[in-house]
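Q:
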Amino acid sequence: MGRLYQKISFAPSCFTFYLIVTEYLKIADFAATQKEDKMAQVIINGMLAGGVYALIAVGLTMIHGVMKIVNFSQGDFLAIGMYLTYAAYKFMPQGSAPYWLMIPVGAAMYLIGCIIFSTSIKKVIGKGDSNYILLTIGLSYLIQNIIQLVFGPDFKSIDVSDSLRYGSINIGEAFLSIPRVIAFMAAAVFVVFVNWFLSKTDIGRAMRATSENQVIAESLGIRTGRVYVVAFSLGTVFAGIAGLLLSPMFLPFPKIGSQFSTIAMSAMVLGGLGNIRGAMVGGLVIGLVESFTSTFISVNLSQAAINSALMLVLIFKPYGLFGKKVRAS
Amino acid sequence: MRAYAEKNVIPITFILLCVLFPFVISDQYLIRVLMEVFFFAAMGNAWNIIGGYGKQTSWASATFFSVGAYTSILLYTKCGEISPWISVIMGMGIAVVLAVIIGWPCFRMRGVFFSIATIACATIFRQLLIYFETFTGGSLGLSFMIRKGNSLWKLHFDSDIPFYFVALIWMLITAAIIAYIERNKLGYYLRAICKDQDAAESLGIKSSKVKLQAFIISCMIMSFTGTLYVFKTGFADPNTLASHDMSIRIGIVAILGGMGTIWGPTIGALITVPLLELSNAYLQNFGGGGAGWALYGLLIVLMVLFKPNGIISILDDAKNLVKRKTYGWERKQHESER
Numbered sequence: 000m001g002r003l004y005q006k007i008s009f010a011p012s013c014f015t016f017y018l019i020v021t022e023y024l025k026i027a028d029f030a031a032t033q034k035e036d037k038m039a040q041v042i043i044n045g046m047l048a049g050g051v052y053a054l055i056a057v058g059l060t061m062i063h064g065v066m067k068i069v070n071f072s073q074g075d076f077l078a079i080g081m082y083l084t085y086a087a088y089k090f091m092p093q094g095s096a097p098y099w100l101m102i103p104v105g106a107a108m109y110l111i112g113c114i115i116f117s118t119s120i121k122k123v124i125g126k127g128d129s130n131y132i133l134l135t136i137g138l139s140y141l142i143q144n145i146i147q148l149v150f151g152p153d154f155k156s157i158d159v160s161d162s163l164r165y166g167s168i169n170i171g172e173a174f175l176s177i178p179r180v181i182a183f184m185a186a187a188v189f190v191v192f193v194n195w196f197l198s199k200t201d202i203g204r205a206m207r208a209t210s211e212n213q214v215i216a217e218s219l220g221i222r223t224g225r226v227y228v229v230a231f232s233l234g235t236v237f238a239g240i241a242g243l244l245l246s247p248m249f250l251p252f253p254k255i256g257s258q259f260s261t262i263a264m265s266a267m268v269l270g271g272l273g274n275i276r277g278a279m280v281g282g283l284v285i286g287l288v289e290s291f292t293s294t295f296i297s298v299n300l301s302q303a304a305i306n307s308a309l310m311l312v313l314i315f316k317p318y319g320l321f322g323k324k325v326r327a328s
Numbered sequence: 000m001r002a003y004a005e006k007n008v009i010p011i012t013f014i015l016l017c018v019l020f021p022f023v024i025s026d027q028y029l030i031r032v033l034m035e036v037f038f039f040a041a042m043g044n045a046w047n048i049i050g051g052y053g054k055q056t057s058w059a060s061a062t063f064f065s066v067g068a069y070t071s072i073l074l075y076t077k078c079g080e081i082s083p084w085i086s087v088i089m090g091m092g093i094a095v096v097l098a099v100i101i102g103w104p105c106f107r108m109r110g111v112f113f114s115i116a117t118i119a120c121a122t123i124f125r126q127l128l129i130y131f132e133t134f135t136g137g138s139l140g141l142s143f144m145i146r147k148g149n150s151l152w153k154l155h156f157d158s159d160i161p162f163y164f165v166a167l168i169w170m171l172i173t174a175a176i177i178a179y180i181e182r183n184k185l186g187y188y189l190r191a192i193c194k195d196q197d198a199a200e201s202l203g204i205k206s207s208k209v210k211l212q213a214f215i216i217s218c219m220i221m222s223f224t225g226t227l228y229v230f231k232t233g234f235a236d237p238n239t240l241a242s243h244d245m246s247i248r249i250g251i252v253a254i255l256g257g258m259g260t261i262w263g264p265t266i267g268a269l270i271t272v273p274l275l276e277l278s279n280a281y282l283q284n285f286g287g288g289g290a291g292w293a294l295y296g297l298l299i300v301l302m303v304l305f306k307p308n309g310i311i312s313i314l315d316d317a318k319n320l321v322k323r324k325t326y327g328w329e330r331k332q333h334e335s336e337r
């Protein structure tokens, strides 16, 4: 009986898989004839962009997992990272790669995260959704406009060498743009580092304990206040590093953060709040959705497609792909 | 009557001042700023129904605002100058349909999921507005001539003063709607849901239905305000009307003033709108610009940290202080027991 049920339930999933494969072949066929074999290129572009989105989303998830706060100003921390790179790059020799700045920018971001946490975020932990939403939105306006006050409203350009900015590696038909590849690799290294950090180090274990249950973690002797500072600052460091990695590809301007804020939040929610693996998958999915829509439909609709994907997931799984149900209030 | 007047002395003086203002001060700029205040107060009132009483922090307000604005501007420019008083009804109808489409999936989510889902819906709407260029004018927007003679039917006036009164009356109507809902069954249901949704549902309140009702009322008011606003400016474009900033400004008007109170959004609008307008006008050339918005962000941060119940709580504190000074400590304790 059980075997029969297994066979029956296996049939529709096989059929769906067959359908998906044929559909995929159709699109690929279409792409081969109409768009000069863009399929591989589109998938590669999506994955490369998704890696960086995953890094931002992992920072956001770290903050949310430990202190149950969604940071609406995460994208603006990314903008701070970009502008710090821009400001520090002037002291670098002409034409060198900006990736050497990773350590000073990371340290500066850690400091900024500590300062912002201890002056403001600390006071809204555990005080309800609308408080932290409002506070982080206020912070985002403050950061955007302080950047504008200091650097001006126009686009800035970081003068990296042309071989870095426009360089590419050819694999068969597809082109891999070098800054995107480096950004993806660095993001992957950071994500692996986060997994190691959370499972193997003492402070990482303390973080996971705090995210499970703060009161019990405190009773076990974990200083949750310190854990909060580290988690928030690491979240800002990841955003800042993502900004540095993106700086050869994007021209920084004060409001550049808001688009990344929404993308990172979508990635995080798609995967399920407070779930690092979910955030990684969410980032990759969003990168793919973005590159598919902007190539095959229209660049103007890429944001709409990302958000439609998010809404679809939320309608069928209201707590995200890997999320668990929690009781309100 | 007299007791009522004594109890509501601040709102009544405020309304009287607003009515007298254009006759005393003839500065066009200040009148325009006040008009903006009234529009934002009306939208803050609409937001307050769902965001203040129901604690469902929605950031899709700009969507419904631009639904009203675009419906009436399209009907006016492309269908032969249809009067705003007709198109406002159609705009409200479209807003109701859209509110059901957006609200049905969103209200099954809770807390921050709801907020992010509304942001996603608003983004989709804005992108679609930009994408269907031939119909909506794309990111350039649509515009028409205003100030072509005096006509209440077509909402054209040669000066700003009649429009000032239209805006003032609309703001007072929205405040009255809030006051009615607060004393009504819907208000009690919403407050019960925002305290504990599971407990409210166990008592037989269908939370998604109640939230959807409140959301529909709120969206209709926003759509109406959008129509009035677009006939004041004669211009609609997706990057200001339907932007994320606009949603946030609407929400913050209510949150800063005091969520879940009748006059909170009005006070919030009276503070935030002039702050932005005046600082953008006078601090334009300070540094790289953007000082006004930085002040705005700083105000939000400071309010959340030190007065999370809004500006209206400062007024309440002041009132209590005055009472304590005049009647002594006992009177206040007695009142709080009651």
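Which chain is which? The protein sequence lines are P and D, in order. Going by numbering that gives the first Met the number 0, the first residue of the first sequence is number 0, and it counts up by one from there. Going by numbering that gives the first Met the number 0, the first residue of the second sequence is number 0, and it counts up by one from there. Glycine included, C-beta positions come from ideal geometry on N, C-alpha and C.
#1: Kindly provide the ranges of any alpha helix (DSSP H) runs that are 4 or more residues long and lie completely inside the segment 241-286 of chain D, ordered along the chain.
#2: For Ser207(D) and chain P, any beta-carbon pair shorter than 9 Å?
#3: Here's the rule: buried if 16 or more other CB atoms are within 10 angstroms of the residue's CB, otherwise exposed. What is Asn319(D)?
#4: Considering only residues of the segment 42-85 of chain P, which uninterrupted beta strand (DSSP E) runs meet the minimum length of 3 residues and lie entirely inside it, listed in chain order?
#5: The ligand GTP heavy atoms versus the CB of Asp197(D): any closer than 8 Å?
#6: Along the chain, where does the beta strand (DSSP E) containing Ile170(P) start, and where does it finish?
#7: Determine the extent of the alpha helix (DSSP H) in which Leu175(P) is found, giving its start and end residues.
#8: Answer with yes or no whether the minimum CB distance from Arg107(D) to chain P is below 9 Å.
#9: Mind pulling the chain D residues with CB within less than 9 Å of Leu309(P)?
#10: Rounded C-beta distance between Thr239(D) and Ala174(D)? I'm assuming under 8 Å.
#11: What distance in whole Å lies between the Cβ atoms of Met279(P) and Val190(P), which are believed to be in contact at a cut-off of 8 Å?
#12: Would Pro253(P) and Tyr85(P) qualify as a contact pair, given that the criterion is a beta-carbon distance under 9 Å?
#13: Checking contacts by CB at 9 Å: is Thr56(D) closer than that to chain P?
#14: Round the Cβ separation of Gly110(D) and Asp128(P) to the nearest angstrom and send it over; I've been treating them as touching at under 8 Å.
#15: Any chance the segment 51-68 of chain P sits against the segment 261-277 of chain P, with 3 or more Cβ pairs inside 8 Å?
#16: Checking the sheet assignment: what are the DSSP bridge partners for Phe234(D)?
#17: For Ala40(D), does the count of other Cβ atoms within 10 angstroms reach 16, so buried, or fall short, so exposed?
#18: From this set, Gln143(P), Thr60(P), Leu175(P), which residue's C-alpha is nearest Ile42(P)'s C-alpha?
#19: List the residues of chain D whose Cβ lies closer than 8 Å to the Cβ of Met184(P), in chain order.
#20: Evaluate Ser12(P) with the Cβ neighbour count: other Cβ atoms within 10 Å of its Cβ, from every protein chain shown; 16 or more gives buried, anything less gives exposed.
#21: What number of angstroms, rounded off, separates the C-alpha of Thr135(P) from the C-alpha of Phe134(D)?
#22: Could you give the first and the last residue of the continuous alpha helix (DSSP H) run that contains Cys17(D)?
#23: State the DSSP-derived secondary structure class of Ser82(D), mapped to helix, strand or coil.
#24: Classify Gln93(P): buried if its beta carbon has 16 or more other beta carbons within 10 angstroms, exposed otherwise.
#25: On the criterion of 16 or more Cβ atoms from any shown chain inside 10 Å, does Lys54(D) qualify as buried, or is it exposed?
#26: Look at Gly256(P) and Ser139(P) and say whether their C-beta atoms are less than 9 Å apart.
#27: For Ser246(D) versus Ala59(D), is the C-beta spacing smaller than 9 Å?
#28: Closest to Ile85(D) by CA distance: which of Ser114(D), Phe38(D), Trp152(D) is it?
#29: In whole angstroms, what is the alpha-carbon distance linking Val229(P) and Cys113(P)?
#30: Can a CB atom of chain P be found closer than 9 Å to the CB of Met258(D)?
#31: Do Phe50(D) and Met219(D) have their CB atoms nearer than 9 Å?
#32: Does Pro103(P) get closer than 9 Å to chain D when you measure Cβ to Cβ?
#33: What's the gap between the Cα of Ser242(D) and the Cα of Gln258(P)?
#34: Would you mind stating whether Leu100(P) and Ile251(D) have Cβ atoms separated by less than 9 Å?
#35: Mind checking the segment 221-237 of chain P against chain D and listing, in chain order, the residues whose C-beta falls within less than 9 Å of any C-beta there?
#36: Can you give me the start and stop residues for the alpha helix (DSSP H) that Phe134(D) sits inside?
A: Working from what's here:
#1: Counting only runs of 4 or more, we get 243-256, 263-281.
#2: With 9 Å as the cut-off, Ser207(D) does not count as an interface residue toward chain P.
#3: Label assigned to Asn319(D): exposed.
#4: Whole beta strand (DSSP E) segments, 3+ residues: zero.
#5: Annotation note on the ligand GTP: not contained in the displayed structure, which lists no ligands.
#6: Per DSSP, Ile170(P) belongs to the beta strand (DSSP E) from 167-170.
#7: It is not in any alpha helix (DSSP H) - Leu175(P) instead sits in the beta strand (DSSP E) that spans 173-176.
#8: Put simply, the CB of Arg107(D) is near chain P, with a gap under 9 Å to one of its CB atoms.
#9: Ordered by position in chain D, the residues that pass the 9 Å Cβ test against Leu309(P) are Ile115, Ala116, Ala119.
#10: In fact, because the Cβ distance is near 25 Å, the residues do not count as touching under 8 Å.
#11: Right, the Cβ-Cβ distance comes to about 6 Å (below 8 Å), so this counts as a contact.
#12: Going by C-beta atoms, Pro253(P) is not nearer than 9 Å to Tyr85(P).
#13: Yes, Thr56(D) counts as interfacial toward chain P.
#14: Between Gly110(D) and Asp128(P) a beta carbon distance of about 5 Å is seen, short of the 8 Å cut, so the two are scored as contacting.
#15: Between the segment 51-68 of chain P and the segment 261-277 of chain P, the count of Cβ pairs shorter than 8 Å is three or higher; the stretches touch.
#16: Per DSSP, the beta bridge partners of Phe234(D) are Ser142(D).
#17: The residue in question, Ala40(D), is buried, as its Cβ has 16 or more Cβ neighbours within 10 Å.
#18: If we check each option's Cα against that of Ile42(P), Leu175(P) comes out closest.
#19: By Cβ distance, chain D contributes nothing, its closest Cβ being about 30 Å from Met184(P), past 8 Å.
#20: For Ser12(P), the predicted model reports a pLDDT of 40, less than 50, meaning its position is unreliable; a value from the coordinates is still stated below. Burial call: exposed.
#21: As the crow flies, the alpha-carbon of Thr135(P) is around 36 Å from that of Phe134(D).
#22: Residues 8-23.
#23: Of the three classes helix, strand and coil, the one that applies to Ser82(D) here is coil, per DSSP.
#24: When all chains shown are included, Gln93(P) counts as exposed.
#25: So Lys54(D) counts as buried.
#26: Against a cut-off of 9 Å, the Cβ pair of Ser139(P) and Gly256(P) comes out as a contact.
#27: One thing to note: Ser246(D) has its Cβ within 9 Å of the Cβ of Ala59(D).
#28: Here the closest residue by C-alpha is Trp152(D).
#29: Val229(P) and Cys113(P) have their C-alpha atoms roughly 8 Å apart.
#30: At least one chain P Cβ lies under 9 Å of Met258(D).
#31: Looking at the sequence provided, one finds Gly at residue 50(D) rather than Phe. No, they are not a contact pair.
#32: Not an interface residue.
#33: Taking the straight line from one Cα to the other gives about 12 Å.
#34: No, Cβ-Cβ distance for Leu100(P) and Ile251(D) is not below 9 Å.
#35: Listed in sequence order: no entries.
#36: For Phe134(D), the enclosing alpha helix (DSSP H) has its first and last residue at 132-135.
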